[in-house]
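**Q** Protein chains in written order, with the working numbering: chain A, 425 to 539; chain B, 425 to 539.
There are 2 protein chains.
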Amino acid sequence: MAVPLYQAKAEFFRTLGHPARIRVLELLSERDHAVHELLDGIDIEPSNLSQQLAVLRRAGLVEQRREGGQVLYSVSVPEVRDLLLSARVIIRGVLADRVELRDELATAAAAGRSR
Amino acid sequence: MAVPLYQAKAEFFRTLGHPARIRVLELLSERDHAVHELLDGIDIEPSNLSQQLAVLRRAGLVEQRREGGQVLYSVSVPEVRDLLLSARVIIRGVLADRVELRDELATAAAAGRSR
DNA sequence: CGCGCACTTACGCAATTCTTCAAGTCGTAC
DNA sequence: GTACGACTTGAAGAATTGCGTAAGTGCGCG
């Protein structure tokens, strides 16, 4: 395909690039949730959540269905769960590196002062 | 840790949410590249590339080192390669779904017209 | 030293994304 | 039918991000 695939990738990652949307995907990868349930676990306004859900829907990552008086959401691409997990690993690595660096700097600074 | 991990995740994904940055990571996961080499493969202005590299550096995903008259970059977190691969899988899935949906709609529309 | 190459930083403007408020839809229950 | 709860949509302003031009840094070489 001559179409820029890395463009699609960037778009995909951008849709993951929001705390509320990450939170939604994490909750939904445990089990399906109604909107008001999501709302209990994510501290934002209903309308805002709805907008973020719309973003995820447009990206094709979640699906909605009506059931009784409420709307249920589910992840439509199961691999997302794996992705979130590997992201967690990477982030731990990066954060750990940063802590080490910070500690080194702190130690060096202390050594400098004491000398 | 009481610190919102999903916040860090969102930030992480946002740094991946740019075509040039994706491109850089893909090129760097093949082998280390000098900036001017990256420039050959990425059609943007030097200063722009530099900015994107700075973003990746701040996120701790790449490292730079000077060698001769040029600056070499390398990925500092090897797992990124895996992440890009699983992203590709997911995207293929999502895009395929969309094509199906589009086809269905087209078929339905055609059926509607012919009736 | 001084020039040029390879790259980076500053800065201002355009474009995108986020957030909130207000209004609207859809089903259910009274 | 109308009132209410559960959501969604629209629109507008604030906040971020992206990009180009221009200016700067650092090195190696004649």
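For each residue, glycine too, the CB sits at the ideal point set by N, CA and C.
Would you give the residue range spanned by the beta strand (DSSP E) that B/I491 belongs to?
**A** Indexing the second sequence from 1 puts residue 491 of chain B at position 67. Reading off the sequence, residue 491 of chain B comes out as Glu, not Ile. That run of the beta strand (DSSP E) goes 486-491.
**Q** Please name the residue, chosen from A/A478, A/L480, A/A483, A/I446, that lies closest to A/G465 on a Cα-to-Cα basis.
**A** To locate residue 465 of chain A, count along the first sequence from 1; it is residue 41. A/G465 has its Cα closest to that of A/I446, out of A/A478, A/L480, A/A483, A/I446.
**Q** Using a C-beta to C-beta distance shorter than 9 Å, which residues of chain A count as neighbours of B/G465?
**A** Within the second sequence, the letter at position 41 stands for residue 465 of chain B. Going along chain A, no residue has its Cβ under 9 Å from B/G465, so there is no contact; the nearest lies around 11 Å.
**Q** Assuming A/V495 is part of the alpha helix (DSSP H), what are its boundary residues?
**A** By 1-based counting over the first sequence, the position of residue 495 of chain A is 71. No alpha helix (DSSP H) contains A/V495, which is instead part of the beta strand (DSSP E) from 494-499.
**Q** Can you say whether B/V501 is buried or exposed, counting buried as having 16 or more other CB atoms within 10 angstroms of its CB?
**A** Reading the second sequence from its first residue, position 77 is the one you call residue 501 of chain B. So B/V501 counts as buried.
**Q** Taking the alpha-carbon positions, what's the B/R489 to B/A511 distance?
**A** Mapped onto the second sequence, residue 489 of chain B falls at position 65. Mapped onto the second sequence, residue 511 of chain B falls at position 87. One C-alpha to the other measures close to 29 Å.
**Q** Are the beta-carbon atoms of B/L462 and B/L451 separated by less than 9 Å?
**A** Reading the second sequence from its first residue, position 38 is the one you call residue 462 of chain B. Reading the second sequence from its first residue, position 27 is the one you call residue 451 of chain B. Taking 9 Å as the Cβ cut-off, B/L462 and B/L451 qualify as a contacting pair.
**Q** List the residues of chain B that A/E511 touches, going by C-beta distances under 8 Å, in chain order.
**A** To locate residue 511 of chain A, count along the first sequence from 1; it is residue 87. Sequence check: residue 511 of chain A is Ala here, not Glu. Neighbours of A/A511 on chain B, chain order: K433, F436, F437, L507.
**Q** Which residues share a DSSP beta bridge with A/A458?
**A** Start at 1 with the first residue of the first sequence, and residue 458 of chain A comes out as number 34. Note: A/A458 sits in a beta bridge opposite A/L496.
**Q** Can you pull the chain B residues whose beta carbon is under 9 Å from the beta carbon of A/D521, in chain order?
**A** The residue labelled residue 521 of chain A in the question sits at position 97 within the first sequence. The contacting residues are G484, S500, V501.
**Q** Within the 9 Å Cβ cut-off, does B/P443 reach chain A?
**A** As a position in the second sequence, residue 443 of chain B is number 19, starting the count at 1. Yes, contact with chain A.
**Q** Under the rule that 16 or more other beta-carbon atoms within 10 Å means buried, what is B/P428, buried or exposed?
**A** Taking the second sequence and counting its residues from 1, the one referred to as residue 428 of chain B is at position 4. Burial call: exposed.
**Q** Pull up the CB-CB distance for B/E503 and A/I514, whole angstroms please, since I reckon it's below 8 Å.
**A** Within the second sequence, numbered from 1, the residue matching residue 503 of chain B stands at position 79. Within the first sequence, numbered from 1, the residue matching residue 514 of chain A stands at position 90. The pair is a contact, with the Cβ atoms about 5 Å apart (cut-off 8 Å).
**Q** Could you tell me whether the Cβ of B/E454 comes closer than 9 Å to any Cβ of chain A?
**A** For the purposes of this step, residue 454 of chain B is identified with residue 30 of the second sequence, where counting begins at 1. False, the Cβ-Cβ gap to chain A never drops below 9 Å.
**Q** Report yes if the CB atom of A/Y497 is closer than 9 Å to the CB atom of A/A444, and no otherwise.
**A** As a working note, residue 497 of chain A is residue 73 in the first sequence. As a working note, residue 444 of chain A is residue 20 in the first sequence. Not closer than 9 Å, so no.
**Q** Are there 16 or more other CB atoms within 10 angstroms of the CB of A/L509, so buried, or fewer, so exposed?
**A** Translated into positions along the first sequence, residue 509 of chain A becomes position 85. Burial call: exposed.
**Q** So what does DSSP say about A/P470, is it helix, strand or coil?
**A** What you label residue 470 of chain A is simply residue 46 of the first sequence in a count that begins at 1. DSSP places A/P470 in helix when its eight states are reduced to three.
**Q** Please list the partners that B/I468 has in chain A, where partner means a Cβ-to-Cβ separation under 7 Å.
**A** Numbered from its first residue, the second sequence carries residue 468 of chain B at position 44. Neighbours of B/I468 on chain A: none; closest Cβ ~12 Å, over 7 Å.
**Q** What first and last residue would you give for the alpha helix (DSSP H) that runs through B/A483?
**A** As a working mapping, residue 483 of chain B is identified with position 59 in the second sequence. Unbroken run through B/A483: none, as it is neither H nor E.
**Q** Nearest by alpha-carbon distance to B/L485: which of B/V499, B/G492, B/S474, B/E491 is it?
**A** Within the second sequence, the letter at position 61 stands for residue 485 of chain B. Nearest option by C-alpha distance: B/V499.
**Q** Quick check: what's the CA-CA separation for B/S474 versus B/E487?
**A** Working through the second sequence from its first residue, we reach residue 474 of chain B at position 50. Working through the second sequence from its first residue, we reach residue 487 of chain B at position 63. Spanning the two alpha carbons is a distance of roughly 13 Å.
**Q** Name, please, each residue of chain B whose Cβ falls closer than 7 Å to the Cβ of A/V504.
**A** Working through the first sequence from its first residue, we reach residue 504 of chain A at position 80. Within chain B, the residues near A/V504 are I514.
**Q** Give me the Cα-Cα distance between A/F437 and B/N472, rounded to the nearest whole angstrom.
**A** Within the first sequence, the letter at position 13 stands for residue 437 of chain A. Within the second sequence, the letter at position 48 stands for residue 472 of chain B. Their Cα atoms are separated by approximately 20 Å.
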